[in-house]
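Line by line, the protein sequences give chains X and B.
Number 353 in this note's numbering belongs to position 353 of the first sequence; there are no gaps in the numbering.
Counting the second sequence from 1 gives a position; this note's numbering is that position plus 360.
For each residue, glycine too, the CB sits at the ideal point set by N, CA and C.
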Amino acid sequence: MAATPTRLLSSNRAGWAMAAPAVGLILLFIIVPFALAFGFSFTNQRLFSPNPTQWVGTANFQQLLGVSTLTLEPERDASGAVVLDDDGQPKYPRLRSYTRNNPDYPHLQGKQEWFSFGWGDSRVFVLASDVVFMKALRNTFLFVLVVAPLQGGLALLLAVMTNQKLKGINFFRTVYFMPVVVSIVVVSLLWRFIYDGDNGLLNNVLGWLTFGAFEPVDWLGNPSTALPAIIAMSIWQAVGFHMVIWLAGLQSISPTLYEAANIEGASRWQAFRYVTWPGLRNTAVLVLIVITMQAFALFAQIDVMTKGGPVDSTQTMVFQAVERGYRKQDIAAGSVISVVLFLIVLTISLVQGYLTREKK
Amino acid sequence: MATVEEAQGTATLEARSVSWDRVWRYALLILGAVIFIFPLLFMVMSSLKPDAQLLADTANLRAFLPVGDISLDNYFGAFRRAPVATFIFNSVLVTAVTVVLSLFVCSLAAFAFVFLKWRGRDIVLAVIIATLIVPFETIAIPMLIVVNNLPWISSDGLTLGWLNSYRVQIVPFIADGLTIFLFAQFFKDMPRELIEACRVEGATWFQIYRKVVMPLSGPVLATGAILKFLAMYNQYLWPLMVTQDEGYRPVMVGLQYFFQLNPVWGEIMAYLSVITVPVLAFYLFLQRAFIASIASTGVKG
């Protein structure tokens, strides 16, 4: 290379001309909208509005992320005994007396109860100015924290299974990958039918496997099963994608290493632990990053299956961003969620990048 | 004698344990196949049945078999209910045009990044790679404002706003960091001497791109095309936001029509089959290329 005259390879005009279409499009359709999202999040921009847009500073962020706690003692009667309500639970002062025009608690103004927990005799109430968003935040993190390891792990299991030297193994690889080419919208609709409480396939299969002992569940209509149901379906759809990435990693490991392990008398598990797994380090990082990114963008499944319900048990950040920014045409409210989401994704990629660089 | 018998005994024992081992492996593989295939099989089989039978069949294995009152009625019903042909046409048009333009624009840019030296190249490349961590969902809403304010020249003269058109579904997705990255990775492994020799011969950069580099880029073109095809055909959020006019709607947005006024499950399944089975067939036909293309994103990454 050193012998090559650089003028052969350097050409400002040709270089810019060839890169220009792509650079221009990325600028207009990724970088400008991205910058706008940041800008709008500090304003009260709407999609169509007769009033001029105003700068509101960090008010949107405060409204979105405002959280406070309030510790309350149970009410006591004249004798000092705790007052119980109809259900036999201790009775607490009404939250509304703190959150509505109470001059002693200005920071609680307009906040609502998110959740509460007992703390000795008293009860700690966690209040948020945007309870729906807080639930969306929690659900999104829950989704990511469950899906990333589970989907990555199952994909690795499938990859190991389909990396065996068996007759017809390519058939199984092909089948496991099939749902990946099917749109998540189609998959979501199909699984709505599978999860149905009355005639759902899943209830029937479980009933059959347990000889009728299984009580039918309305999987998507029940707040405690809706998110797990969506998690299971999402994994079913996407696991084949990551199986293929793991497979590529597995096949890049030299067979001589396995021969050596065999000669040393390593068990199958030891061969995996000391040969396969170290060889998959880079693949593992990639799989984890890709799944994490995709999981944070959870939207279509929610939109098609539950619309965030029942009782906000499947709200997610992107679903709320679209709900507010598009359906309610409140661009600022949608943008501020987008910015928070982006900052979370950025932080996670920086942390993942840092961790993986450290160990190299 | 005893030793020979013993040896034979252990041999058969080993053979037997090996075959049991194989049985277990296949059993596990088949269980996996059932889990992945049966929901799709259920979709196609249900599309052939009237609703009453469809619902009754979910109680047993008939759900996965083409038995009972089988007909294509649901397909006719689906085409009557919604302009299905229009949706399919729109999806195919948008997907095909975007794939072709994307491969051209992105490969050209990658060529410039890998083979040419120009002022600002490294910083531009770094910014493009950085865009890979921006989820589309986070910029979709401000992008709506952008496309709503873009001009277009048509027979009516200069108009403002791109909503309800093909271009709003195509142009924003032509250039993307991943496709540029895939091409750049592929070009890096090409012999630079070849490019330099062509340059010495007096070929222009575009001639080198078109006559030398592109003909050698079959695998990466297939990878890029497959990934873009899947992303475009399966798009949902963006077309949902930008196409209120049914004349421009793609297949995924068209699904909404099947939930208005007495939804018929058989028709829904028929529509799902119509928009999914061709893609599955395409995949099964080219499955090695599909799997290789996904794998290549992993190895290079």
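Fewer than three Cβ pairs drawn from the region 467 to 486 of chain B and the region 29 to 48 of chain X lie within less than 8 angstroms of each other, which leaves the two stretches out of contact. Pairing X/Arg76 with X/Ser313, the inter-Cα distance amounts to about 34 angstroms. Within the DSSP secondary-structure output, X/Arg123 pairs in a beta bridge with X/Leu72 and X/Gly118.
Restricting attention to X/Arg324, X/Trp119, X/Thr292 and X/Pro310, the CA atom closest to the CA of X/Leu346 is found in X/Thr292. Distance from X/Ala300 to B/Leu632 at the Cβ level is roughly 14 angstroms; contact not present, criterion being Cβ atoms closer than 8 angstroms. Just measuring C-alpha positions, the residue of B/Ala442, B/Lys548, B/Asp411 and B/Leu391 sitting nearest B/Gly607 is B/Ala442.
Nearest CB-CB separation between X/Asn139 and chain B: not below the 8 angstroms threshold. Check the Cα spacing between X/Gln89 and each of X/Tyr98, X/Asp121 and X/Leu108: the tightest is with X/Asp121. The three-state secondary structure of B/Gly517, taken from DSSP, is strand.
In this structure, X/Ile253 keeps its C-beta atom at 8 angstroms or more from the C-beta atom of X/Gly221. Around the beta-carbon of X/Gln237, 16 or more other beta-carbon atoms lie within 10 Å, marking it buried. For X/Asp303, the enclosing alpha helix (DSSP H) has its first and last residue at Ala300 to Met305.
Secondary structure at B/Gln413: helix, using DSSP grouped into helix, strand and coil. The closest CA to that of X/Phe48, considering only X/Gly353, X/Val23 and X/Gly325, is found on X/Gly325. Along the region 277 to 297 of chain X, going in chain order, the ones with a CB nearer than 7 angstroms to a CB of chain B are Thr283, Leu286, Met293, Phe296 and Ala297.
Here B/Glu627 is buried, its C-beta having at least 16 other C-beta atoms within 10 Å. Beta-bridge pairing by DSSP links X/Val67 to X/Ala128. Using beta-carbon distances, X/Arg173 counts as an interface residue toward chain B, with a partner under 8 angstroms. With fewer than 16 other Cβ atoms inside 10 Å of its own Cβ, X/Ile263 counts as exposed. Per the coordinates, the alpha-carbon of X/Gln62 lies some 57 angstroms from the alpha-carbon of B/Thr564. Close partners of B/Met503 in chain X (Cβ separation under 7 angstroms): Phe29 and Pro33.
Classified as exposed, X/Thr71 has fewer than 16 neighbouring CB atoms from the shown chains inside 10 Å of its CB. Exclusion of the five residues before and after B/Ile530 leaves Val454, Val457 and Thr458 as the residues of its chain whose Cβ lies within less than 6 angstroms of its Cβ. For X/Ile331 against X/Gln54, the beta-carbon gap comes to about 13 angstroms, at or over 8 angstroms, which does not count as contact. Remark: fewer than three beta-carbon pairs, one from each stretch, lie closer than 8 angstroms, so the region 195 to 214 of chain X and the region 139 to 156 of chain X are not flagged as touching. Within chain X, no residue has its beta carbon less than 8 angstroms from that of B/Thr446; the closest one is some 18 angstroms off. The DSSP-derived three-state label of X/Trp55 is strand. Comparing C-alpha distances from B/Val507 to each of B/Leu621, B/Phe396 and B/Met601 shows the shortest one belongs to B/Met601. Beta bridge pairing from DSSP links X/Gln112 with X/Ala128. Residue range Arg96 to Thr99 is occupied by the alpha helix (DSSP H) that includes X/Tyr98. Counting along the chain, B/Pro579 sits inside the alpha helix (DSSP H) bounded by residues Gly578 to Tyr593.
Ranked by how close their Cα comes to the Cα of B/Phe547, the residues B/Val573, B/Leu425, B/Ala445 and B/Pro511 have B/Val573 in first place.
One alpha carbon belongs to B/Val611, the other to B/Ala470, and they sit about 32 angstroms apart.
Contacts with chain X (Cβ-Cβ distance below 8 angstroms) from the region 447 to 471 of chain B involve Val465, Cys466, Leu468, Ala469 and Phe471, listed in chain order. Rounded to whole angstroms, B/Asn622 and X/Ser97 show a C-alpha spacing of 47 angstroms.
For X/Trp16, the chain B residues whose C-beta falls within less than 7 angstroms of its own C-beta are Trp478, listed in chain order.
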